[in-house]
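Following: one structure in structure tokens, then a few remarks.
2 protein chains.
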Amino acid sequence: MTASSTHHHHSASPIWEAHARAALAAQGSRAGGARQLVIAALAGQACCASAQEIHAQIAATGGATGIASVYRTLDLLHGLSLITRIDTGDGVARFEPAHPDGAHHHHLVCDTCGSVEAFHDDALETVIHTVADRVDFRVDAHDVVLRGACRSCR
Amino acid sequence: MTASSTHHHHSASPIWEAHARAALAAQGSRAGGARQLVIAALAGQACCASAQEIHAQIAATGGATGIASVYRTLDLLHGLSLITRIDTGDGVARFEPAHPDGAHHHHLVCDTCGSVEAFHDDALETVIHTVADRVDFRVDAHDVVLRGACRSCR
DNA sequence: TTGTTTGCAAACCTTTTGCACGTTA
DNA sequence: TAACGTGCAAAAGGTTTGCAAACAA
Chain A
-12 MTASSTHHHH SASPIWEAHA RAALAAQGSR AGGARQLVIA ALAGQACCAS
38 AQEIHAQIAA TGGATGIASV YRTLDLLHGL SLITRIDTGD GVARFEPAHP
88 DGAHHHHLVC DTCGSVEAFH DDALETVIHT VADRVDFRVD AHDVVLRGAC
138 RSCR
Chain B
-12 MTASSTHHHH SASPIWEAHA RAALAAQGSR AGGARQLVIA ALAGQACCAS
38 AQEIHAQIAA TGGATGIASV YRTLDLLHGL SLITRIDTGD GVARFEPAHP
88 DGAHHHHLVC DTCGSVEAFH DDALETVIHT VADRVDFRVD AHDVVLRGAC
138 RSCR
């Protein structure tokens, strides 16, 4: 049994939040207000979210942040490999926490309604590592996106 | 022997070009000038290309086309599944001919120089189909992007 | 002729950047 | 205080759309 379900594995990551804060501090970054809000929003999301969505969610919880700070924080976190960037094909970048243990999932994107679900598959990971070893390329990361119709749109 | 090399499989597709033209005609579309130029440019490309690149290449070969017509044609072709859309992660959509026999490849993207190479792997295709069968989602297409550093940037 | 396609320009959206002000350590 | 972070507004792409002229069938 190599495959898990498509259910989300977590809807909030206090562990990741602490990890991210520590990594930033260790790197010499300061703990500004906008930065904290973005990290908290990322930690609280179930799957990937765009910069605009994170900005909106911060506003919805009473926070106030410039959109530029959201983009700058995402850029900073991504540069430190604290978040993963996902392109679901609609021209908008989405992000989600990158777990320190390397655990990650891939995405099912509905072409009709645009919803995104997560899935994980060990056999898929194994094959990708095999491919990564044989190509003349140093592979640091990989993305797999399955497109089609979700349960409700099907 | 399940895996092929990372070399490009074709640098021009007259077969695809005829196929695309026939599909458009069968569907009632007219053969306008811009449309022909975009189809010819797609047929002649080795791997995926963005709308802007296709537009530039048409200009380079003496053609003249409005960028809007390039986007409209790409949209039309994509809607008929005559081309595949690839997102390499830089926020620009890229396209390449979709072969009628379903043959396709995936991409290696260099995070340093942005170059894109193609690769194919049968085991990867098999695993993806297995995953597609088990998830609660109708999977119509899939994309795999491996990121890292190409030979020259490594 | 008649509906389709095209080109231009303007509009849209996401993302980036310059710069002055506010904040952290 | 000295460097860093933030917000605003403007700029920079890429992509889409309205519309009148050009064109294919």
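Residue numbers (my numbering), protein chains in the order written: chain A, -12 to 141; chain B, -12 to 141. We put the CB at the ideal spot given by N, CA and C, even for glycine.
Determine the closest residue to residue i out of the options, with distance taken between C-alpha atoms.
| i | options | result |
| --- | --- | --- |
| residue 46 of chain B | B:21, B:67, B:65 | B:21 |
| residue 60 of chain A | A:31, A:99, A:86, A:17 | A:17 |
| residue 142 of chain A | A:41, A:37, A:13, A:131 | In the structure displayed, chain A extends from -12 to 141; residue 142 of chain A sits before or after that span and is not available. |
| residue 124 of chain A | B:129, B:135, B:127 | B:135 |
| residue 95 of chain A | B:102, B:126, B:81 | B:126 |
| residue 102 of chain A | A:48, A:141, A:113, A:65 | A:141 |
| residue 97 of chain A | A:5, A:4, A:76, A:56 | A:76 |
| residue 53 of chain A | A:137, A:91, A:19 | A:19 |
| residue 14 of chain B | B:64, B:1, B:57 | B:64 |
| residue 36 of chain A | A:99, A:11, A:48, A:72 | A:72 |
| residue 100 of chain A | A:122, A:116, A:128, A:139 | A:139 |
Pop quiz: residue i and residue j are said to be a contact at Cβ under 8 Å. What is the actual Cβ separation, rounded to whole angstroms?
| i | j | result |
| --- | --- | --- |
| residue 74 of chain B | residue 74 of chain A | 4 Å |
| residue 106 of chain A | residue 93 of chain A | 6 Å |
| residue 114 of chain B | residue 110 of chain A | 5 Å |
| residue 137 of chain B | residue 112 of chain B | Wrong, their Cβ atoms sit about 23 Å apart, outside the cutoff. |
| residue 78 of chain B | residue 80 of chain A | 7 Å |
Pull up the DSSP beta-bridge partners for residue i, would you.
| i | result |
| --- | --- |
| residue 59 of chain A | Beta-bridge pairing links residue 59 of chain A to no other residue. |
| residue 103 of chain A | A:96 |
| residue 72 of chain A | A:82 |
| residue 137 of chain B | A:124 |
| residue 36 of chain A | A:82 |
| residue 129 of chain B | A:133 |
Determine whether the beta carbon atoms of residue i and residue j lie at a separation below 7 Å.
| i | j | result |
| --- | --- | --- |
| residue 85 of chain B | residue 69 of chain B | yes |
| residue 118 of chain B | residue 62 of chain A | no |
| residue 120 of chain B | residue 132 of chain A | no |
| residue 44 of chain B | residue 28 of chain B | yes |
| residue 30 of chain A | residue 4 of chain A | yes |
| residue 9 of chain A | residue 26 of chain A | no |
Could you tell me whether any non-hydrogen atom of the ligand ZN is closer than 6 Å to the CB of residue i?
| i | result |
| --- | --- |
| residue 136 of chain B | In terms of ligand content, the structure shown is empty, and the ligand ZN therefore cannot be addressed. |
Just by C-beta distance, which residues in the stretch 103 to 130 of chain B are closer than 9 Å to chain A? Cβ contacts with chain A come from 104, 106, 108, 110, 111, 113, 114, 115, 117, 118, 119, 121, 122, 123, 124, 125, 126, 127, 128, 129, 130.
Which residues, in chain order, does the stretch 73 to 95 of chain B contribute to contact with chain A at a C-beta distance below 7 Å? Among the residues of the stretch 73 to 95 of chain B, those with a Cβ less than 7 Å away from any Cβ of chain A are 74, 76, 78, 80, 95, in the order of the chain.
Short of 8 Å Cβ to Cβ, which residues in the stretch 17 to 30 of chain B face chain A? For the stretch 17 to 30 of chain B, the set of positions with a beta-carbon nearer than 8 Å to some beta-carbon of chain A is empty.
Mind listing which residues of the stretch 28 to 62 of chain A have their C-beta closer than 8 Å to chain B's C-betas, in chain order? Going along the stretch 28 to 62 of chain A in chain order, one finds no residue with a Cβ nearer than 8 Å to chain B.
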